[in-house]
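Peer 1: Residue numbers (my numbering): 4 to 458.
Built from N, CA and C at the ideal position, the CB exists for glycine as well.
Got a structure for you, questions after.
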Ligand code: HEC
Ligand code: HEC
Ligand code: HEC
Ligand code: HEC
Ligand code: HEC
């Protein structure tokens, strides 16, 4: 009896094993199988090629170099932008990615990261969501390889080995927001409504055939001309869907809530690609025509005699009206170094400075979404403590008001000159990579002579 029961159990377990083996073949992760809800994911570049195992694989899946043969201009323009070096940027991005691993992931108690060997794709997606969305199509080993290269780059910089640092930087630059990110992978957002972007297809403004090798079909992307194409990565605010929300750029949020809501009609592509015909050279601060168009500023100065108790003293007022004509807040919240500075200075004819004051415009992010402390890098930032950035379409008034020592020595024969000075007004945005010393990018500059004399 016990034997029979035993026998039956053995048979039953064997059956279970067979069934399990059958079910597992059905579930085997394979490049040709759909793993997602909806129809057609298996035709995408990621599914067809399978998960990338190395940086080199991932770079090859989304390589832009073959497009350069025919689209020379677009390629050259793109190469000038930070899209072509999206995890390096000016160098600061790679630095902050490394800081995120060292100062964030490795120090936080619950991240599961103590060493590079613990890093997974999900950890880096906190930044790669926008800096390298295709990292989602890679195995965890690629995330670890990226972090190892970041470490090498930092180590090389520390020992002043420029060649090794450059080698690491070039490896990081092989991963970028290339042609196939905007014209394939991220060209369709509503995949159940419009279909998953397919391998072999280029998404642009129309349907047809395409002569590029490996990409023979042209498809119309429903969002190629829409701001949301850029909005995917240019920030709504905190990324609340993440396990440990990060916040970097918030510009798309201000585009929706402060520009479109006030009647603004232009798209990102209108101002950043079509206007001035810059095409794929989507650079903001390095485009002189664009920054000249950013602000409308009126400066009014006037001087008069102020009776201060018993004495008349020269007094000067500088009145400013600043209007942001961009399609979003200025500056973007991307870095506190990236601040906008208004400075008003007054000098006498002999060069002596008699007045100087500065005002800072920027979003002040909150530290990890709590309290009254400012967060600095994207991995600390979520929420806002204070916001003095310039909102689009909303005029800001600033008044500077100061008195001077009377300067009667300067009086001429028939006039009693009390003061003559030059007032300088500049509005500039700093370069984040060298903010302390940076002359920055000048958005507005003027000087006015103010004369206060007795008539
Ligand atoms: C052999 C030359 C060649 C190569 C290589 C090539 N293209 Fe093209 N591409 C063309 C031509 C020609 C057209 C115009 C087709 C038309 O207007 O019918 C075109 C059209 C396009 C368009 C659509 C433009 C529109 O009107 O909306 C995009 C986007 C594009 N290519 C991107 C790419 C990308 C990305 C690559 C690299 C993966 C690439 N191309 C490689 C020749 C090429
Ligand atoms: C929601 C998308 C998004 C996320 C998530 C994101 N970034 Fe960014 N980041 C951007 C965009 C877009 C820019 C450029 C915007 C600009 O210049 O105004 C940028 C700029 C930066 C810059 C400034 C580069 C410079 O030289 O000015 C740094 C540094 C940076 N990101 C680091 C990070 C790190 C580290 C993380 C993760 C902890 C992260 N970002 C997460 C989209 C994002
Ligand atoms: C950041 C997203 C983005 C990247 C990266 C990008 N494109 Fe585009 N591309 C666009 C958008 C948006 C348009 C449509 C512009 C418009 O509607 O005015 C466009 C238009 C085009 C067109 C149509 C004709 C034209 O020049 O306007 C071609 C061809 C093209 N891209 C090729 C490329 C190639 C080649 C690369 C890589 C070197 C590339 N694009 C990288 C967003 C991108
Ligand atoms: C896949 C994500 C992604 C998409 C889509 C995207 N961007 Fe970006 N963009 C970035 C990232 C990330 C950076 C910053 C890289 C860095 O410096 O670290 C950036 C940088 C920029 C900058 C440079 C800012 C400066 O300092 O001058 C401009 C301008 C810009 N993008 C405009 C656009 C426009 C316009 C579109 C749509 C046509 C667009 N981007 C689409 C991710 C994206
Ligand atoms: C009405 C025109 C206009 C529209 C619409 C517009 N921009 Fe801008 N953008 C500008 C101007 C002008 C600047 C330069 C101002 C500055 O930052 O100093 C700028 C700056 C930027 C910067 C650099 C910000 C910084 O602080 O360095 C980025 C990134 C950017 N725009 C991306 C976008 C994206 C993405 C969209 C769409 C969601 C968009 N812009 C819509 C005009 C526009």
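1. With hydrogens ignored, establish whether the beta-carbon of residue 3 is closer than 7 Å to any heavy atom of ligand 3.
2. To the nearest angstrom, how far is it from the Cα of residue 374 to the Cα of residue 238?
3. Within 7 Å: the Cβ of residue 191 and any heavy atom of ligand 2?
4. Does the distance from the C-beta atom of residue 228 to that of residue 255 stay below 8 Å?
5. For residue 421, count neighbouring C-beta atoms within 10 Å of its own C-beta (all shown protein chains included) and say buried if the count is 16 or more, exposed if not.
6. Here's the rule I'm using: 16 or more other beta-carbon atoms within 10 Å means buried, otherwise exposed. How should residue 26 be labelled?
7. Helix, strand or coil, according to DSSP, for residue 423 in the structure here?
8. When you compare the region 318-329 with the region 387-397, are there three or more beta-carbon pairs, one atom per stretch, that lie closer than 8 Å?
9. Measuring only from the beta carbon, is residue 86 closer than 7 Å to any heavy atom that is part of ligand 1?
10. With a threshold of 7 Å, establish whether the CB of residue 72 neighbours any heavy atom of ligand 4.
11. Once you ignore the five residues that flank residue 377 on each side, which residues in its own chain have a CB closer than 8 Å to its CB?
12. How long is the line joining the alpha carbons of residue 66 and residue 127, rounded to whole angstroms?
13. Would you kindly report the start and end of the unbroken beta strand (DSSP E) that includes residue 368?
14. Could you check which residue in 405, 430, 406 has the C-alpha nearest to that of residue 294?
15. Is the region 128-145 touching the region 184-202, taking contact as three or more C-beta pairs under 8 Å?
16. For residue 65, which of helix, strand or coil comes out of DSSP?
17. Is residue 232 near ligand 1, judged by its Cβ being under 7 Å from some heavy atom?
18. Can you say whether residue 289 is buried or exposed, counting buried as having 16 or more other CB atoms within 10 angstroms of its CB?
19. Sorry if obvious, but does the Cβ on residue 199 come closer than 7 Å to a heavy atom of ligand 5?
20. Could you check which residue in 117, 47, 445, 287 has the C-alpha nearest to that of residue 199?
21. When DSSP labels each residue in this structure, what does residue 393 get in the three-state scheme?
22. Take residue 172 and list the residues in its own chain whose beta-carbon comes closer than 8 Å to its own, dropping the five residues that flank it on each side.
23. Considering only heavy atoms of ligand 6, does any lie closer than 7 Å to the CB of residue 271?
24. Taking 7 Å as the cut-off, is the beta-carbon of residue 185 closer than that to any non-hydrogen atom of ligand 4?
25. Taking Cβ positions, are residue 220 and residue 203 nearer each other than 8 Å?
26. Kindly indicate the opening and closing residues of the beta strand (DSSP E) around residue 447.
27. Could you have a look at residue 327 and say whether DSSP puts it in helix, strand or coil?
28. Is it a yes or a no for the region 295-309 touching the region 442-449, going by three-plus beta-carbon pairs under 8 Å?
29. Straight-line CA distance for residue 275 to residue 281?
30. Judging by CA-CA distance, which residue of 386, 404, 189 is the nearest neighbour of residue 337?
31. Where residue 56 and residue 148 are concerned, what is the direct C-alpha to C-alpha distance, given to the nearest angstrom?
32. Within its chain, find whatever has a CB closer than 6 Å to the CB of residue 402; leave out the 5 residues flanking it on each side and keep chain order.
33. Exposed or buried, which one is residue 303 when buried takes at least 16 other CB atoms within 10 Å?
34. From the DSSP secondary-structure annotation, give me the bridge partner or partners of residue 212.
35. What are the boundary residues of the beta strand (DSSP E) that includes residue 343?
36. Looking at C-beta atoms only, is the number of pairs between the region 249-264 and the region 343-350 that lie closer than 8 Å three or more?
Peer 2: On the basis of the coordinates in this document:
1. Outside the shown range of the chain, which is 4 to 458, sits residue 3, and nothing can be said about it.
2. 22 Å
3. Residue 191 has its Cβ no nearer than 7 Å to any heavy atom of ligand 2.
4. no
5. With 16 or more other Cβ atoms from the protein chains shown falling within 10 Å of its own Cβ, residue 421 counts as buried.
6. Low local confidence applies: a pLDDT of 46 at residue 26 is under 50, so the model's placement there is unreliable, with the coordinate-based value given in what follows. Counting the other CB atoms within 10 Å of its CB gives residue 26 a total below 16, which places it among the exposed residues.
7. strand
8. yes
9. no
10. no
11. 339, 367, 368, 369, 370, 388
12. Approximately 21 Å, taken between the alpha carbons.
13. 366-370
14. 430
15. yes
16. coil
17. no
18. exposed
19. no
20. 47
21. In the three-state DSSP reduction, residue 393 falls in the strand class (E or B).
22. Same-chain partners within the cutoff: 91, 94, 97, 156.
23. With respect to ligand 6, the structure offers nothing, as its ligand set consists of ligand 1, ligand 2, ligand 3, ligand 4 and ligand 5.
24. yes
25. yes
26. 444-457
27. strand
28. yes
29. 7 Å
30. 386
31. 10 Å
32. 322
33. Burial call: exposed.
34. 220
35. Segment 343-351, the beta strand (DSSP E) holding residue 343.
36. no
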